[in-house]
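Step one of this worksheet: look at the structure below.
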Amino acid sequence: MTVTLEAQVPALRARDLGFRVGGLDIIKGISLSVPPGHFVGIIGPNGAGKSTLLNLLSGVLRPTAGEIELAGRVVTHTRPAVRARRGLGRTFQTSSLFNGLSAYENVRLAAQAHLGGSARFYRPPRARDAASISATGALEQVGLADQAHRLTGLLSHGDKRKVELAVLLASQSAVLLLDEPMAGVTADDVDQLSSLIGGLHRDGHTVLMVEHHMSVVVGLAQTIAVLDAGALLALGTPAEVVANETVQQAYLGQPL
Ligand SMILES: Nc1ncnc2c1ncn2[C@@H]1O[C@H](COP(=O)(O)OP(=O)(O)OP(=O)(O)O)[C@@H](O)[C@H]1O
Ligand SMILES: [Mg+2]
């Protein structure tokens, strides 16, 4: 009897991905294969193309070359909403929440959309329906149960970042693309967000996280991808990447 071991289908895969605009190559031939449940940290100097890469993976931008697969299915030219339905969740470098709604309302909208309702109008909950239960659970999971009914615009920067994670939880996203989830938050919030995101990884989520806090990336990521000038400069374990001289040079001698 012959037993064939099939390779695990990557949760997310980019093949020779390119993005060219106005004669400039912003992303240059990036290939990356992320197994389910894996944590990839994405680092690189300002303007390296980290956010653009996440925009391509999530469908906000269309690549001009290459291919993207989500759980084995080609999604290169599908809209962000289609990728979201297939389990891809995304946070942005700047907050994308509705400041005029409460934290609970923001998260409930995501839950409502995931459960098949329209996310265009907020429906006041008449009962403890599935969307309400999901939103309440997600806010509890990020430690914001006591802030749930405050206006999002009045929350601290760190708490807004936690609401964004709750939105992804309520959307039942299996693959999380996080763009600088700890930028500009207090040291306390860095610790809390770091343990929250580590917890999501332990729960089985696949995570791609762009982050400038190197100690956090080194502590959480299994693989670190280093981008420089739109290209993948290095890919390896945190120890390999920190010891890599080319990486050190890309950071202009700054300690990693
Ligand atoms: N749609 C676009 N059209 C033209 N240039 C773009 C476009 N999107 C990004 N760029 C340029 O591409 C480069 C990469 O930008 P990107 O925002 O992806 O970098 P980043 O690594 O996320 O930087 P940061 O660390 O500052 O967030 C920058 O020089 C930016 O000005
Ligand atoms: Mg960016």
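The sequence shown begins at 13 in the working numbering and counts up by one.
Glycine included, C-beta positions come from ideal geometry on N, C-alpha and C.
Just so you know, these numbers come straight off a predicted model, no measurement behind them.
Check whether alanine 26 and isoleucine 42 have beta carbons under 8 Å apart: Remark: C-beta atoms of alanine 26 and isoleucine 42 approach each other more closely than 8 Å.
beta-carbon glutamine 159 near ligand 2 non-hydrogen atom, thresh 7 Å: no
Buried or exposed (CB count within 10 angstroms, at least 16 for buried), alanine 139: Caution applies to alanine 139, whose pLDDT of 47 falls short of 50 and renders its modelled position unreliable; the model cannot decide the point.
Glutamine 260 CB to nearest heavy atom of ligand 2 below 7 Å: no
Cβ-heavy atom distance, glycine 30 to ligand 1, below 7 Å: no
Cβ-based neighbour list, valine 21, same chain, cut-off 7 Å, excluding 5 preceding and 5 following: Ala83, Gly84
Three-state class that DSSP yields for methionine 221 in the structure shown: strand
Beta-bridge partners of serine 114, as assigned by DSSP: Leu163
Backbone secondary structure at aspartate 141 - three-state DSSP: coil
Straight-line Cα distance separating glycine 35 from leucine 188: 31 Å
Cβ-Cβ separation, valine 175 to leucine 156 (assumed contact under 8 Å), whole Å: At roughly 7 Å, the Cβ-Cβ gap stays under 8 Å, so leucine 156 and valine 175 are in contact.
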